[in-house]
Every structure is written in C-alpha cells, then in structure tokens.
Amino acid sequence: MNIVLWILQVLLAIYFFVTGLVHFTLPTSLPPQMSWMFDLPPALHWFSGTVEILAALGLVLPGVTKVQPRLTTWAALGLVLVMAGAAVWHLQRGELTNIGMNALMAILSGFVAFGRWRLAPFTGGRRQQGSGRQEDSSADLGGPLA
1 MNIVLWILQV LLAIYFFVTG LVHFTLPTSL PPQMSWMFDL PPALHWFSGT VEILAALGLV
61 LPGVTKVQPR LTTWAALGLV LVMAGAAVWH LQRGELTNIG MNALMAILSG FVAFGRWRLA
121 PFTGGRRQQG SGRQEDSSAD LGGPLA
C-alpha cells in the first residue's frame with residue numbers, strides 16, 4: 001500500500017504543482033477545456049495557485065524529509081476542499097466535464113489522505129526501538145551533521 005500511496009502522491013504533486021503554476025502564468029495558448037481560467041478573478045488565481053503549489057509540496061516533502069509527516073494527510077485533505085470549490089465553480093458555469101476531473105482529483109487526494117492517516121501512515125522522524133525508548137532515526141544516517 002505504501003508504494004501505491006507514494007505513486008499517487010508524486011503524480012498528484014506533479015499535477016497540482018503544474019496547475020498551480022498555470023494560475024500564475026496563465027498562458028494564452030490554454031486548451032479549450034481550460035478556458036475557464038481566463039474568467040477567474042485575479043485574487044482567486046493567487047489563492048488557488050498558492051494553495052495548489054503548497055499542497056503539492058506537502059504531498060511529497062514531509063514523507064521524504066520525515067519532518068512533520070502528518071502534514072501529508074492535511075495537504076491531501078486541503079486538495080479535496082480545493083477540488084470541491086472548483087466543482088462548485090464549474091457547476092455554476094455548466095462545465096460538467098471539468099466537474100468529472102475535479103471529482104477524480106478529489107477522490108484520489110482523499111484516498112491519499114485516508115491512506116496516510118490509517119492504511120500506511122508515515123512513521124516520522126522517531127521510532128520505537130526494542131528497548132522501549134525512543135531514538136532519533138536520523139542516527140541511522142549518521143546523524144544530522146554527519
């Protein structure tokens with residue numbers, strides 16, 4: 001399950017990072033399915049772009065660095081909320097095909113959130129040793145300054 005979650009996390013991170021960048025750059029050559037971006041208010045571009053980029057980083061960096069790994073769950077949940085808001089936006093505009101994509105991204109993000117919360121949570125920077133005491137796992141790599 002851990003491998004499946006990592007694959008999803010990386011793919012979602014790439015998707016949301018790129019989409020977040022598009023909010024800031026807004027190229028004139030967007031495909032017709034994304035023409036709705038031209039109608040978004042500038043403040044919503046800044047908000048969506050920032051949230052999507054930060055969430056993309058939050059899907060991957062906590063697990064890689066083992067710093068605050070619980071943030072991966074929160075990043076994925078944040079993306080579920082962003083996709084719910086996007087679905088409302090598209091529903092108001094009658095863009096049903098975009099709602100399908102929002103639903104797919106929300107379901108995948110929700111699965112990552114649940115997976116990292118219950119199915120295969122990160123163990124973080126500390127772990128239990130046989131002696132019952134906690135020890136910093138960075139010692140396995142020679143410590144932080146090695």
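Numbering (my numbering), first residue to last: 1 to 146. Ideal placement from N, C-alpha and C gives every residue a C-beta, glycine not left out.
In this structure, the CA atom of residue 10 is about 14 Å from the CA atom of residue 52. The beta carbons of residue 83 and residue 109 sit closer together than 8 Å.
Straight-line measurement puts the Cα of residue 107 at about 21 Å from the Cα of residue 62. Under the 8 Å Cβ criterion, the stretch 67–74 does not count as touching the stretch 82–98, having fewer than three qualifying pairs.
For residue 105, the uninterrupted alpha helix (DSSP H) segment begins and ends at 96–114. Under the 10 Å beta carbon count, residue 64 is surrounded by fewer than 16 other beta carbons and is classified as exposed.
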